[in-house]
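J.: Structure in structure tokens, see below.
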Amino acid sequence: MTFEYLYRAWKSRRVTQAVAAKLLGVSDRTFRRYVRRFESSGPEGLIDKRVLRRSPRRAPLDEVADVVNAYNKQHEGWNVKQFYSWYRDTGGRRSYNWVRLQLQDAGAVKRLPRRGVHRTRFDRAPLPGLRLHQDSSRHDWLDGRRCDLVVTLDDATGEHYSMSLWERAGTRSSFVGVRDVLERKGFFCSLYTDRASHYRYKGKSSAAEKKETGNRTQTERAMMQLGVRLIATRSSQVRARCQRVFRTHMDRLPAELAAQGITEINAANRYLEEVYLPAYNEAFQQVAQTEGSAFEPCTNPEQLDDILCEHHWRVVRRDNRVRFKSLLLRLPTDRPACRMANTRVRVRHHLDGTVSVSNGIRRLARYDAGGHLIG
0 MTFEYLYRAW KSRRVTQAVA AKLLGVSDRT FRRYVRRFES SGPEGLIDKR
50 VLRRSPRRAP LDEVADVVNA YNKQHEGWNV KQFYSWYRDT GGRRSYNWVR
100 LQLQDAGAVK RLPRRGVHRT RFDRAPLPGL RLHQDSSRHD WLDGRRCDLV
150 VTLDDATGEH YSMSLWERAG TRSSFVGVRD VLERKGFFCS LYTDRASHYR
200 YKGKSSAAEK KETGNRTQTE RAMMQLGVRL IATRSSQVRA RCQRVFRTHM
250 DRLPAELAAQ GITEINAANR YLEEVYLPAY NEAFQQVAQT EGSAFEPCTN
300 PEQLDDILCE HHWRVVRRDN RVRFKSLLLR LPTDRPACRM ANTRVRVRHH
350 LDGTVSVSNG IRRLARYDAG GHLIG
């Protein structure tokens with residue numbers, strides 16, 4: 000239905016302005032504006048002259064082409080937020096929405112369906128250091144190579160204190176993450192984890208039986224020595240924040256490592272420590288609800304070496320040697336305190352790969368990864 004037909008109907012009082020505007024799909028005020036323009040300039044007055052001229056604020060075609068080409072040639076596979084961070088760092092001045100629309104119009108990135116608005120609520124801790132999360136995710140982080148990314152983060156701010164890639168997550172990766180936090184920030188109150196076997200003992204013994212028999216994992220024993228509460232939970236509310244964090248890393252980290260040509264775990268861990276981790280914290284870290292910190296400084300970092308390691312009990316053989324895995328550790332016979340045949344000793348497998356043998360608080364000897372005496 001044309002405006003001219005409705006205009007004549009309105010002039011002959013067959014319809015009101017409200018009805019005519021509704022039939023055109025505009026407001027009453029817009030219909031009256033059309034009437035004034037039609038009566039003054041005729042049908043040409045109804046033409047929207049804005050369509051005929053280019054906005055002076057519109058980006059030049061060369062600038063649009065540069066942005067799209069930069070994405071296709073250097074950053075293919077990156078999500079828009081990740082690419083926009085690079086765009087701003089290199090001097091770009093356009094908005095995030097502008098960059099997103101140009102990439103979508105060019106077909107460089109897909110238009111994603113709108114996500115649901117419902118999320119299970121899990122309030123953040125009010126202070127940093129009250130509640131830390133440690134979790135791992137197995138994914139193709141490196142080009143065609145599956146490995147585990149282990150992350151230790153603060154629930155209050157989302158700040159990542161430790162990130163590292165491992166062939167397989169386990170006790171050692173957990174201890175490395177905890178030690179990074181202790182050395183950088185200090186002692187914290189609680190650590191939330193999943194129920195993996197290196198966090199929680201899988202046996203069916205009760206808490207009382209576990210206390211009597213000592214059936215604890217290495218992580219449980221270490222957290223008990225440090226005075227940190229270890230909370231292994233099945234709650235989807237608790238794990239939801241870590242799951243969203245890992246989705247962000249899956250969108251960003253593999254693309255960045257591929258762009259840098261990194262295919263080895265050691266090189267990837269250096270990149271995480273020097274580049275990715277600071278940039279991620281700067282972009283995603285939030286402000287805590289309450290001022291202050293629950294961290295307590297670590298006054299004796301040397302004690303961490305004996306706590307954050309694997310502890311095993313062994314009995315010294317008659318030839319004054321101790322068997323540990325594939326190693327046969329000979330205690331030095333020139334030390335009177337080391338003649339300990341048939342004595343129960345503690346063997347510690349440290350994070351640097353070395354092994355030490357102790358009797359009570361006294362260290363008897365220390366060996367390198369090959370079982371050679373070094374101290």
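When we follow numbering that gives the first Met the number 0, the leftmost residue of the sequence shown carries the number 0, and every step to the right adds one.
C-beta atoms are modelled at their ideal positions from N, C-alpha and C, and glycine is treated no differently.
So, does the stretch 96-116 touch the stretch 52-72, judging by three or more C-beta pairs under 8 Å?
T.: Yes, the stretch 96-116 is in contact with the stretch 52-72.
J.: With a threshold of 6 Å on Cβ separation, who are the neighbours of A168 within its own chain once the five nearest residues in sequence on each side are excluded?
T.: Answer for A168: S135, D147, V149, listed in chain order.
J.: Looking at T156 and Q285, is the spacing between their C-beta atoms short of 8 Å?
T.: Yes, these two residues count as a Cβ contact at 8 Å.
J.: Measuring alpha carbon to alpha carbon, tell me which residue in G352, M162, V244 is nearest L307.
T.: With distances taken between Cα atoms, L307 lies closest to G352.
J.: Go ahead and label K184 buried or exposed: buried means 16 or more other beta carbons lie within 10 angstroms of its beta carbon, across all protein chains shown.
T.: By the neighbour-count rule (16 or more Cβ atoms within 10 Å), K184 is buried.
J.: Pull up the CB-CB distance for V244 and L152, whole angstroms please, since I reckon it's below 8 Å.
T.: 7 Å between Cβ atoms; contact.
J.: Taking all protein chains shown into account, decide if E211 is buried (16 or more other Cβ within 10 angstroms of its Cβ) or exposed.
T.: Confidence is the limiting factor: at E211 the pLDDT is only 44, short of 50, which leaves the residue's position unreliable and the question unanswerable from this model.
J.: Are the beta-carbon atoms belonging to A293 and L129 less than 8 Å from one another?
T.: Result yes, Cβ atoms of A293 and L129 sit closer than 8 Å.
J.: Just the Cα atoms here: how many angstroms apart are T247 and D27?
T.: If I take the Cα positions, the gap works out to 48 Å.
J.: With H, G and I counted as helix, E and B as strand and the rest as coil, what does DSSP make of H349?
T.: Three-state DSSP puts H349 in coil, outside helix and strand.
J.: Just checking my contact of T381 with L190 at CB under 8 Å: how many whole Å lie between their CB atoms?
T.: The chain is shown only over 0 to 374; residue 381 falls outside these bounds and no answer can be derived.
J.: In its own chain, which residues sit with a C-beta less than 8 Å from the C-beta of N319, not counting the 5 before and 5 after it?
T.: Taken in chain order, the residues that qualify are R329, L330, T332, C337, R338, M339, A340.
J.: Which two residues bound the contiguous alpha helix (DSSP H) that contains M162?
T.: Taken as a continuous stretch (DSSP letters only), M162 belongs to no alpha helix (DSSP H), being part of the beta strand (DSSP E) at 159-165.
J.: Which same chain residues, not among the five before or five after P296, have their C-beta less than 7 Å away from its C-beta?
T.: G185.
J.: So, for A20: in the same chain, excluding its five sequence neighbours on each side, which residues have a beta-carbon less than 8 Å away from its beta-carbon?
T.: Contacts found: S26, D27, T29, F30.
J.: Taking a contact to mean a Cβ-Cβ separation below 8 Å, would you say R343 touches V321 in this structure?
T.: Result no, Cβ atoms of R343 and V321 do not sit closer than 8 Å.
J.: DSSP on V63, reduced to helix/strand/coil?
T.: In this structure, V63 counts as helix in the three-state DSSP scheme.
J.: Count the other CB atoms, across all protein chains shown, that sit within 10 Å of the CB of L111; report buried if there are 16 or more and exposed otherwise.
T.: Result: exposed.
J.: Can you name the start and end residues of the beta strand (DSSP E) that R57 belongs to?
T.: It is not in any beta strand (DSSP E) - R57 carries neither H nor E in the DSSP assignment.
J.: Taking just the CA atoms, how far does L181 sit from R361?
T.: Taking the straight line from one Cα to the other gives about 25 Å.
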